Amino acid sequence: MTYRIGLFSFVFIWAAVIAFSAMASEPRVLSVHGDWTAYVFEENGNKVCYMASQPIKAEGNYSKRGDIFALITHRPAEDSRDVFSYITGYSYKPNSNVTVNVNAKKFTLFTQNDMAWTVDDKTDRDLVQAIRAGNNIIVTGESSRGTKTKDTFSLKGSSAAHDAISRECGLTP
């Protein structure tokens with residue numbers, strides 16, 4: 005009986021892994037533009053295009069922190085474009101907000117676990133337009149342990165990367 009349960013569990017898990025791998029392909033680099041890289045992958049047979057960058061400067065009194073990324077994503081099959089998301093490399097303080105400053109424009113993002121997003125599509129569009137026109141982004145947040153962080157991203161190449169993901173996903177930049 006134990007053997008059958010173990011074998012059934014193994015087969016079930018293996019089938020789930022195969023099914024998941026069929027749903028999403030590995031990201032492929034489209035191009036590199038300054039400090040931003042453009043990517044594409046397929047999810048459930050539909051293109052997902054995104055651009056990503058890592059900070060040129062990460063500040064805070066922390067002993068350990070994971071990878072940090074700013075991303076802008078298009079999912080045209082879901083009628084979703086210019087979605088800004090932020091991966092911070094630590095868990096945020098519950099119910100905290102993140103502040104993003106781009107060329108004296110301030111945006112507030114909500115948090116969950118180690119990620120942050122804007123509150124709506126209009127804020128995404130406004131933030132992406134500011135990124136296309138800006139020189140740098142400064143992102144401030146607070147970890148679940150109370151550590152305040154400040155990350156600075158270069159926007160060199162962000163407009164060209166945005167053009168690349170928009171073209172790849174059949175959208176007008």
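Those letters in the sequence shown? Residues 5 to 177, per this note's numbering, in order.
Ideal placement from N, C-alpha and C gives every residue a C-beta, glycine not left out.
All values derive from a computational prediction rather than experimental measurement.
Quiz item: Secondary structure at Arg136, three-state DSSP: helix, strand or coil?
Solution: Indexing the sequence shown from 1 puts residue 136 at position 132. DSSP places Arg136 in helix when its eight states are reduced to three.
Practice problem: Check each candidate in Glu47, Thr144, Lys61, Thr127 and name the one with the smallest Cα separation from Ala81. | Solution: As a working note, residue 81 is residue 77 in the sequence shown. If we check each option's Cα against that of Ala81, Glu47 comes out closest.
Quiz item: Quick one: is Arg32 buried, meaning 16 or more other Cβ sit within 10 Å of its Cβ, or exposed?
Solution: The count along the sequence shown starts at 1 and reaches residue 32 at position 28. Exposed, since its Cβ has fewer than 16 Cβ neighbours within 10 Å.
Quiz item: My guess is that Ser57 and Ala42 are in contact by the Cβ rule of under 8 angstroms, so how many angstroms apart are they, rounded?
Solution: The count along the sequence shown starts at 1 and reaches residue 57 at position 53. The count along the sequence shown starts at 1 and reaches residue 42 at position 38. That pair is no contact at about 11 angstroms.
Quiz item: Under 7 angstroms, do Asp86 and Val132 count as touching if we go by C-beta distance?
Solution: The residue you call residue 86 lines up with position 82 of the sequence shown. The residue you call residue 132 lines up with position 128 of the sequence shown. Yes; because the gap between Cβ atoms is below 7 angstroms, this pair is in contact.
Quiz prompt | Distance between beta carbons of Ile72 and Ala62, contact taken as under 8 angstroms | solution = Residue mapping note: residue 62 aligns to position 58 of the sequence shown, counting from 1. Residue mapping note: residue 72 aligns to position 68 of the sequence shown, counting from 1. 6 angstroms between Cβ atoms; contact.
Quiz item: Between which two residues does the alpha helix (DSSP H) harbouring Arg171 extend?
Solution: Looking up residue 171 in the sequence shown gives position 167. Taken as a continuous stretch (DSSP letters only), the alpha helix (DSSP H) holding Arg171 covers 162-172.
Exercise. Compare the C-alpha of Gln116 against each of Ser147, Phe45, Cys173, Arg69 and name the closest.
Key: For the purposes of this step, residue 116 is taken as the residue at position 112 of the sequence shown. The residue with the shortest Cα to Cα distance from Gln116 is Ser147.
Exercise. On a CA-only basis, which of Val104, Met119, Asn140 is nearest Gly93? Give me that one, please.
Key: For the purposes of this step, residue 93 is taken as residue 89 along the sequence shown, with counting starting at 1. Cα-wise, what sits closest to Gly93 is Met119.
Exercise. At 3 residues or longer, and completely inside the segment 75-101: list those beta strand (DSSP E) runs for me, N to C.
Key: List check, beta strand (DSSP E) in window: 84-91.
Quiz prompt | Which of helix, strand or coil DSSP assigns to Lys126 | solution = Within the sequence shown, the letter at position 122 stands for residue 126. If DSSP states are grouped into helix, strand and coil, Lys126 belongs with the helices.
Self-check item: Cα-Cα separation, Asn140 to Ser158
Solution: Stepping through the sequence shown from its first residue, residue 140 is reached at position 136. Stepping through the sequence shown from its first residue, residue 158 is reached at position 154. So the two alpha carbons sit approximately 5 angstroms from each other.
Quiz item: In terms of alpha-carbon separation, which member of Ala108, Phe88, Arg79 lies closest to Leu175?
Solution: Taking the first residue of the sequence shown as position 1, residue 175 is located at position 171. Among Ala108, Phe88, Arg79, the Cα nearest to that of Leu175 belongs to Arg79.
Quiz item: Going by DSSP, which residues form a beta bridge with Lys51?
Solution: Taking the sequence shown and counting its residues from 1, one reaches residue 51 at position 47. When beta bridges are read from the DSSP output, Lys51 appears opposite Glu46.
Exercise. Provide the residue(s) that pair with Asp118 in DSSP beta bridges, ordered along the chain.
Key: Residue 118 sits at position 114 when you count from the first residue of the sequence shown. According to DSSP, which records beta bridges pairwise, Asp118 is partnered with nothing at all.
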